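Here is the structure we will look at.
Protein chains in written order, with my numbering: chain B, 672 to 936; chain U, 672 to 936.
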């Protein structure tokens, strides 16, 4: 049995901690899943991408250490000081996994059934993560994220997906033009979700195969991206609010798609 | 014309700044609307509650100073240093208003038409504010907030409502039992929104007059509160996500109510 990692300034600990920086993630081809929920979901849904699980012995990590062992994943016990050095989260975490990227090709992402979600120019990690979580909950086929958006391997995005990052196919690294071309090849209608749209969500036929296109949290979709879509759809505002935030609008749109396309028993 | 306020340590500036603390708000019977969006909405929808508007001369405040003058509200120019002292927001704001409470009585709040939103034990300011914004957007009759919840005059709540705090009737200060009694007197069905519910949202008849009851962001509704409701309703999860966050689940429920009760042209 290997000794407990106890030196917070060791090279190994520094290398894990460095994965909070985008440049280090790109160089290493790895990122971090911090905390029990993220570690559980990556071990359940993508164990082949997990390079190592670091943990502090205790009640909150025991089940995950066992799960990792079942999946043939290397685990290593650490002191709380070492794990605190490895993690960025505000609250001390009992476990962190070093994992490899989740992104699949556009073709693989589009292979399934159901509606698709496209994110472009989304910059806030919490918003991006919340939309991925919502896409998972609302049964989207996949999420396609254009190269102008936040890095989804940023620890804040990972945390705010609460494990959804590993629940549905996600593609990153293509331009919005490439994503639109692939969606068109797949026979999808492009529906821009934007407060400037004249067509209301309840008036939109969502039984047609479609992709929702969602833009930046502050300034919406760029005009040229909006113009490249087939329809521009607005969530109705019934009161005096000027708008909904991105995550709320996206959730309403995605649940409307789910309601139109899911068969209920 | 009064001189520009330029002393960041004056008693007046300290009194405004003190309104970031709940105890000072309660003693003074005042709270803060920070930033152009909040100040604009309180001047438009509840000018009679505004005691004073403090501003830094410039493009972002000019229109609001004019609006305040039209509404007979006292304005006072400040140096940027003074306004920075008064505000809590991370980014420098050009304007802040000192305002009196928005809460109306239960009877007044329930006087209108449409579905009602009840919040109990909601503790996170951002979540509470986002649900109020969503209730406004989705056309709720009012929002009733039980006395175990976050103080809605907390600057973080105010900011995250983006002005919706003044767009629909809001009641605070009653216990959940008093709120439920008033809803029953108003002929409303109590629908608990909770992930443990066996009844799915799409299977729920929302044409009946009803109130949505939403609980704490982390642990949902307390069992005794849930048991006091008529039906426990769950937003369906189509993918592998364990849950939706409070604001997302609330938004989906409220838009379902809007779709069922709004007449479309």
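Just so it is clear, CB atoms sit at the ideal spot from N, CA and C, and this is done for glycine as well.
The structure displayed is predicted, hence computed values, not measured ones.
Could you compute how far the alpha carbon of residue 772 of chain B sits from the alpha carbon of residue 701 of chain B? The C-alpha of residue 701 of chain B is placed about 6 Å away from the C-alpha of residue 772 of chain B.
Cut-off 6 Å between Cβ atoms - residues of its own chain near residue 914 of chain U, not counting five sequence neighbours on either side: Cβ within range, chain order: 866.
Is there a Cβ of chain B sitting closer than 9 Å to that of residue 913 of chain U, yes or no? Yes, because at least one Cβ of chain B sits closer than 9 Å to the Cβ of residue 913 of chain U.
Strand pairing of residue 891 of chain B, partner residues [DSSP]: B:887
Through-space distance from residue 856 of chain U to residue 736 of chain B, alpha-carbon basis: 54 Å
Neighbour-count burial assignment, residue 835 of chain U, 16 or more Cβ in a 10 Å radius: A residue is called buried once 16 or more other Cβ atoms fall within 10 Å of its Cβ, and residue 835 of chain U is buried on that count.
Under 8 Å by Cβ, that's how I've got residue 775 of chain B and residue 840 of chain B pegged, so tell me the actual separation to the nearest angstrom. A Cβ-Cβ distance of about 5 Å is found for the pair residue 775 of chain B and residue 840 of chain B, placing them in contact under the 8 Å criterion.
DSSP state of residue 937 of chain B mapped onto helix, strand, coil: As shown, chain B starts at 672 and ends at 936. That puts residue 937 of chain B outside it, with no answer to give.
In angstroms with no decimal places, state the Cα-to-Cα distance between residue 785 of chain B and residue 806 of chain B. Cα to Cα, residue 785 of chain B sits roughly 11 Å from residue 806 of chain B.
Cβ distance (whole Å) where residue 933 of chain U is taken to contact residue 926 of chain B below 8 Å: Not a contact, Cβ separation roughly 17 Å.
Can you tell which of U:917, U:906, U:929 has its C-alpha closest to the C-alpha of residue 930 of chain B? U:906
Below 8 Å on C-beta distance, what does residue 868 of chain U contact in chain B? None at all; the shortest Cβ gap to chain B is about 15 Å.
Compare the C-beta of residue 878 of chain U with all C-beta atoms of chain B and state if any pair is closer than 9 Å. no
Using 9 Å as the limit for Cβ to Cβ distance, is residue 830 of chain B near chain U? no
Can you give me the Cβ contacts of residue 714 of chain B inside the same chain, cut-off strictly under 8 Å, excluding the 5 residues immediately before and after it? 721, 724, 735, 738, 739, 742, 744, 768
Residue 716 of chain U beta carbon less than 9 Å from that of residue 881 of chain B: no
Hey, does residue 757 of chain B have any beta-carbon neighbour from chain U nearer than 9 Å? no
Can you tell me whether residue 694 of chain U is buried or exposed? The criterion is at least 16 other CB atoms within 10 Å of its CB, across all chains shown. Burial call: exposed.
7 Å CB neighbourhood of residue 833 of chain B in its chain, flanking five on each side removed: 708, 804
Out of B:754, B:876, B:704, B:718, state which residue places its alpha-carbon closest to the alpha-carbon of residue 727 of chain B. B:754
For residue 824 of chain U, write down the residues that DSSP places opposite it in a beta bridge. Note: residue 824 of chain U sits in no beta bridge, so no partner.
Rounded to whole angstroms, how far is the Cβ of residue 802 of chain U from the Cβ of residue 918 of chain U, which I believe are closer than 8 Å? 6 Å
Is it buried or exposed, residue 678 of chain B, if we count other Cβ atoms within 10 angstroms and call 16 or more buried? exposed
Since residue 810 of chain U meets chain B, which of its residues come closer than 7 Å, beta carbon to beta carbon? 909, 910
Threshold first: 3 residues or longer. Then list the beta strand (DSSP E) segments lying entirely within the segment 758 to 788 of chain U, N to C. Here the runs fully enclosed are 766 to 770.
Would you verify that the beta carbon of residue 929 of chain B is, or is not, closer than 9 Å to some beta carbon of chain U? yes
Let me know if residue 883 of chain U comes out buried or exposed under the rule of 16 or more other beta-carbons within 10 Å of its beta-carbon. So residue 883 of chain U ends up on the buried side.
Tell me the DSSP secondary structure of residue 908 of chain B in three-state form. In the structure shown, residue 908 of chain B sits in coil (DSSP, three-state: anything other than H, G, I, E or B).
List the endpoints of the continuous alpha helix (DSSP H) containing residue 737 of chain U. Unbroken alpha helix (DSSP H) run through residue 737 of chain U: 730 to 741.
Give the residues of chain U in contact with residue 926 of chain B, contact being defined as C-beta atoms less than 7 Å apart. Going along chain U in sequence order, the residues near residue 926 of chain B (Cβ under 7 Å) are 923.
Give a yes or no on whether 9 Å exceeds the smallest Cβ distance from residue 765 of chain U to chain B. no
Does the CB of residue 834 of chain B have a neighbour CB from chain U at under 9 Å? yes
Exposed or buried, what is residue 692 of chain B when buried is set at 16 or more other beta-carbons lying within 10 Å of its beta-carbon? Exposed.
Could you compute how far the alpha carbon of residue 647 of chain B sits from the alpha carbon of residue 879 of chain B? Outside the modelled stretch of chain B, which goes from 672 to 936, sits residue 647 of chain B, for which no answer is possible.
Inter-residue spacing [alpha-carbon to alpha-carbon] between residue 710 of chain B and residue 750 of chain B: Those two C-alpha atoms are separated by around 18 Å.
Buried or exposed, going by whether 16 or more other CB atoms sit within 10 Å of the CB of residue 928 of chain U? buried
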